[in-house]
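K.L.:
The opening residue of the sequence shown carries number 590 in my numbering; numbering runs sequentially from there. Would you mind keeping the following structure in view while I ask a few things?
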Amino acid sequence: MAVIGTALLALITFVVNMYLSRKRLQKDAKEAARLNKVAEEANEVKSRFLANMSYNIRIPLNNVVGFSQLLSTDMGLDEKEKQEYSEIIQTNSTELIQLVNDVLDLSRLEAKMMKFQIQECEIREMCSDLVGMARINSDGHIHAQLETEVESQVLKMDANRFNQAVINMLLYPVPNDTDREVKMRLERDERNELLIFHIINSPLADPAFSSQQVSIRLKINQLLFEHFGGSFIISEEEGTPITFTISYKE
């Protein structure tokens, strides 16, 4: 009887182990299927992204090549036409360089390989300067204002990256001569040791200026502020406010 009991116990253990192994295999199979689906979706998104980028790069590149050939081969151009073509080449070259730089920055941030030059920055002073730069760089079309009760706050961060991200939120992403009121509001969350920024009526968040280039810049901003312990959110409320935060913890 003891032998039969031992054999029965061994059989039951074997069956239970087989059942558990089968459940694990089923779970692993489901997880593998889920991961495969995620990978397929990621590849699809990547393919669409590359297709859009190819289109966005091809246009300015064709303009640069085409008008450069005209300048070098058409001897009948007058000075006005030469100036016009040169300006087209310059504009498209600048757009192409900016697009390539944005894609490279996005790739570095996603791979966590971005190199930062960290230094101490007085944030109130920096924000005031950025508002002034927005007015100047837009030829006065962006009427930018800074609202804050924060007297002084030092952050350790990459000043150049911060300035570029914020100025992009204050200015039009494409040439535009429409007057626009843009407000930058700075607050301090002492409990969570965060600085909270609001950009009200930001052109970068305006659906009217939506494009692949704008999407890349928004993604760059998100990854940048997350790197510095903060967040980046675009609200769907009226005025298309952008809210981003940065930690000032030591």
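Each residue gets a CB set at the ideal place from its N, CA and C atoms; glycine is no exception. Just so you know, these numbers come straight off a predicted model, no measurement behind them.
1) Quick one: what does DSSP say residue 816 is sitting in, helix, strand or coil?
2) Give a yes or no on contact between the segment 744 to 752 and the segment 708 to 720, applying the rule of three or more CB pairs nearer than 8 Å.
3) With DSSP as the reference, label residue 767 as helix, strand or coil.
4) Mind checking whether residue 791 and residue 758 have CB atoms under 8 Å apart?
5) Checking 8 Å against the spacing of the C-beta atoms, do residue 770 and residue 743 come in under that value?
6) Quick one: using the 10 Å Cβ neighbour count with 16 as the cut-off for buried, is residue 780 buried or exposed?
7) Using the beta-carbon count (16 or more within 10 Å), is residue 763 buried or exposed?
8) Thinking residue 799 and residue 819 are a contact (beta carbons under 8 Å), I'd like their distance in whole angstroms, please.
9) When the Cα atoms are used, what is the spatial distance from residue 810 to residue 773?
10) Using a threshold of 8 Å, state whether the C-beta atoms of residue 669 and residue 660 are closer than that.
11) What residues are listed by DSSP as bridge partners for residue 787?
12) If you follow the alpha helix (DSSP H) that residue 759 is part of, which residue opens it and which one closes it?
13) Specify the secondary structure class of residue 711 as computed by DSSP and reduced to three states.
14) Let's test the definition: count the other Cβ atoms within 10 Å of the Cβ of residue 746 and tell me whether it reaches 16, buried, or not, exposed.
15) From residue 679 to residue 760, what does the alpha carbon distance come to, in whole angstroms?
16) Identify every residue that forms a DSSP beta bridge with residue 736.
17) Assuming residue 778 and residue 785 make a contact with CB atoms under 8 Å, what is their CB distance in whole Å?
18) Would you check if the distance between the CB atom of residue 775 and the CB atom of residue 832 is smaller than 8 Å?
19) Keeping to the same chain, check which residues put their C-beta closer than 6 Å to that of residue 706; ignore five residues upstream and five downstream.
20) Spatial neighbours of residue 656 within its chain, please: C-beta separation below 6 Å, excluding the five flanking residues on both sides.
21) Look up residue 744 in the DSSP assignment and say whether it is helix, strand or coil.
22) Note the first and the last residue of the continuous alpha helix (DSSP H) segment covering residue 685.
23) Expressed to the nearest angstrom, what Euclidean distance is found between the alpha-carbon atoms of residue 592 and residue 611?
24) Just how far apart, CA to CA, sit residue 704 and residue 768?
25) Report the rounded CA-to-CA distance for residue 654 versus residue 647, giving the unit in angstroms.
P.N.:
Let me spell this out:
1) Counted from its first residue, the sequence shown places residue 816 at position 227. Here residue 816 sits in helix by DSSP.
2) Yes, the segment 744 to 752 is in contact with the segment 708 to 720.
3) The residue labelled residue 767 in the question sits at position 178 within the sequence shown. Coil.
4) Residue mapping note: residue 791 aligns to position 202 of the sequence shown, counting from 1. Residue mapping note: residue 758 aligns to position 169 of the sequence shown, counting from 1. For residue 791 and residue 758, yes; Cβs fall inside 8 Å.
5) Residue mapping note: residue 770 aligns to position 181 of the sequence shown, counting from 1. Residue mapping note: residue 743 aligns to position 154 of the sequence shown, counting from 1. The beta carbons of residue 770 and residue 743 sit no closer together than 8 Å.
6) Position 191 of the sequence shown, counting from 1, holds the residue named residue 780. Under this definition residue 780 is an exposed residue.
7) Numbered from 1 along the sequence shown, position 174 holds the residue referred to as residue 763. Exposed.
8) In the sequence shown, residue 799 corresponds to position 210, counting from 1. In the sequence shown, residue 819 corresponds to position 230, counting from 1. Rounded to the nearest angstrom, the Cβ distance from residue 799 to residue 819 is 24 Å, too far for a contact under 8 Å.
9) In the sequence shown, residue 810 corresponds to position 221, counting from 1. In the sequence shown, residue 773 corresponds to position 184, counting from 1. When the Cα atoms are used, residue 810 and residue 773 turn out to be separated by approximately 16 Å.
10) As a working note, residue 669 is residue 80 in the sequence shown. As a working note, residue 660 is residue 71 in the sequence shown. Contact: no.
11) Translated into the one-based positions of the sequence shown, residue 787 becomes position 198. By DSSP's assignment, residue 787 forms a beta bridge with 774, 832.
12) Start at 1 with the first residue of the sequence shown, and residue 759 comes out as number 170. Counting along the chain, the alpha helix (DSSP H) containing residue 759 begins and ends at 748 to 759.
13) The sequence position of residue 711 within the sequence shown is 122, counting from 1. If DSSP states are grouped into helix, strand and coil, residue 711 belongs with the strands.
14) Position 157 of the sequence shown, counted from the start, is the residue given in the question as residue 746. Buried, because 16 or more other Cβ atoms sit within 10 Å of the Cβ of residue 746.
15) For the purposes of this step, residue 679 is taken as the residue at position 90 of the sequence shown. For the purposes of this step, residue 760 is taken as the residue at position 171 of the sequence shown. Cα to Cα, residue 679 sits roughly 20 Å from residue 760.
16) Taking the first residue of the sequence shown as 1, we reach residue 736 at position 147. Note: residue 736 sits in a beta bridge opposite 774.
17) Translated into the one-based positions of the sequence shown, residue 778 becomes position 189. Translated into the one-based positions of the sequence shown, residue 785 becomes position 196. About 6 Å separates the beta carbon of residue 778 from that of residue 785, a gap short enough to meet the 8 Å contact definition.
18) Taking the first residue of the sequence shown as 1, we reach residue 775 at position 186. Taking the first residue of the sequence shown as 1, we reach residue 832 at position 243. Result no, Cβ atoms of residue 775 and residue 832 do not sit closer than 8 Å.
19) Here residue 706 refers to the residue found at position 117 of the sequence shown. Here the set comprises 747.
20) On the sequence shown, residue 656 is found 67 positions in, with the first residue counted as 1. Taking residue 656 as the centre and dropping the five residues before and after it, the same chain places the C-beta of 674, 677, 678 closer than 6 Å to its C-beta, in chain order.
21) Here residue 744 is taken as the residue at index 155 of the sequence shown, counted from 1. Here residue 744 sits in strand by DSSP.
22) Reading the sequence shown from its first residue, position 96 is the one you call residue 685. Per DSSP, residue 685 belongs to the alpha helix (DSSP H) from 668 to 699.
23) For this step, residue 592 is matched to residue 3 along the sequence shown. For this step, residue 611 is matched to residue 22 along the sequence shown. Because the pLDDT at residue 592 is just 49, under 50, the model does not fix this residue reliably, and the value given afterwards should be weighed accordingly. Straight through space, the alpha carbons of residue 611 and residue 592 are spaced by roughly 28 Å.
24) On the sequence shown, position 115 is the one that residue 704 refers to. On the sequence shown, position 179 is the one that residue 768 refers to. Roughly 36 Å separates the two Cα atoms.
25) Position 65 of the sequence shown, counted from the first residue, corresponds to residue 654. Position 58 of the sequence shown, counted from the first residue, corresponds to residue 647. Each residue's Cα considered, the two are about 10 Å apart.
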